[in-house]
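In the working numbering, the protein residues as written are 189 to 509.
Below: the structure, in structure tokens.
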Amino acid sequence: MKKATMKDIAREANVSVATVSYVLNKVDNQTITDETRCRVLDTAKKLNYIPSLTARSLVKGKSGMLALLFNRSKQDGYWKQLYYGMLIERTEAICKREGYHLLVMGMDAEEPNLDIVQQREVDGVLLVDVKKEVFRDISVQFNIGVPIVLLDSYIEDPLFHKVVFDYRKAFALWKERTGRSTEQYFLVMDSFNNDSLMNEIIEAANLDSDSIFVLSADNGEGLPGFLAKQHGKNGAIINEFVGMHVANAAQGMELQLTVFCTSGCPELLPPDTSALRMEIDRNQVDIAFQIMQFYIDSRSKDNKHQYSKAEYDQYIHIPLL
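So, in structure tokens, the structure goes:
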């Protein structure tokens, strides 16, 4: 099937090619009636027109593409893959709503290869769970001025914003609601590439090492034995997909589980499992995108948005309630 062009749209909508270009590239300094604008957009949809990123880049001074980079490890279990899948889906939905294309790339956590990314111009980058040791090598691969916002990462560099969950408040709230003594708690969490994030979660939990199980693809068979030793205790589980795995392994055991829902889908959990959830309008992907959009807009010549840079701290903490 032949790919539709602007000429095809112009002919079908009975307007000039220039008018089609102005409408599709959202050029606002031209006087175009609402009726004409709607006719062009309806025709483009009818013809299944796919916009040219190169043309849009020339007109707007932006590529119209964002990058989502996440780090893979040999220790990743299926729960981590599902976590990334949900993250990708949420990011894609935002990009579609805001008119961006999304480049998704999984990298080796130890030796990331950015050859593919270097071949594309991107307006902004979301970087997930990155090792401190390789972060600098990744960040210098992008043009000066391209915003990089980090998720699930603690990196002590004030030039970059980090969107992280507020685990300290989450653990405090969990303990307040359950009202048990410290020895009556345990934690199951996924393994992260970012060591500082791992340390932050473990410190926030404030539990003995014997009461913490860091789940990975290598040690999953040891989970039932660990849970059996927690008889009658309250457990905190980081993430819904890990929570589903733990709930399945804990069948028949007298355990009270509370899942910290970091993927935003608590409906996946068994009915007898408690949950701490993100606020509907304050999840980590939305906040990261807002920050990235702020910097993209600040570089744009036709910036119509007024933001206060002070509203974004170096670390933006997402509450779990």
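All residues carry an ideal CB built from backbone N, CA and C; glycine is no exception.
The structure presented is a predicted model; accordingly, all values stated were derived computationally and were not measured.
Strand pairing of residue i, partner residues [DSSP]
i, result
"L338", "L315 and K350"
"L254", "L290 and G312"
"D296", "R260"
"A424", "L375 and T446"
"I506", "F353"
Whole-Å CB distance - residue i paired with residue j, under 8 Å assumed
i, j, result
"D311", "M253", "6 Å"
"L415", "M441", "6 Å"
"T207", "T224", "7 Å"
"K320", "N382", "7 Å"
"V351", "I238", "About 31 Å; that fails the 8 Å criterion."
"L235", "I197", "6 Å"
Whether residue i touches residue j by CB criterion (8 Å)
i, j, result
"V334", "H349", "no"
"I504", "I484", "no"
"N422", "Q444", "yes"
"F353", "T446", "no"
"Y271", "F448", "no"
"R465", "L508", "yes"
"L275", "L315", "no"
"D340", "D303", "no"
"V473", "T279", "yes"
"V228", "A192", "no"
"L411", "A392", "no"
"A297", "S261", "yes"
"T461", "G413", "no"
"T366", "L395", "no"
"P346", "Q502", "yes"
"G265", "S404", "yes"
"W267", "N427", "yes"
"E409", "Y355", "no"
"L291", "R308", "yes"
"Y205", "M194", "Note that residue 205 corresponds to Val in the displayed sequence, not to Tyr. Cβ distance < 8 Å, so V205 and M194 count as in contact."
"A359", "A424", "Going by the sequence as given, residue 359 is Phe instead of Ala. Contact flag set, yes."
"I343", "F323", "yes"
Residue i: CB within 7 Å of a non-hydrogen atom of the ligand ADP
i, result
"G423", "The model depicted lacks the ligand ADP and carries no ligand whatsoever."
Using 8 Å as the threshold, is the region 361-377 in touch with the region 394-407, meaning 3 or more CB pairs across them? Taking a contact to require three or more Cβ pairs closer than 8 Å, the region 361-377 and the region 394-407 qualify as touching.
Segments of 3+ residues assigned as beta strand (DSSP E) that fall wholly inside the region 353-422: 373-378 and 400-403
Could I get the ranges of all uninterrupted alpha helix (DSSP H) runs contained in the region 430-504, with 4 residues as the minimum, in chain order? Counting whole runs of 4 or more residues, the region 430-504 contains the alpha helix (DSSP H) stretches 472-487.
Enumerate, from N- to C-terminal direction, the unbroken alpha helix (DSSP H) stretches of 4 or more residues contained entirely within the region 210-242. 222-234
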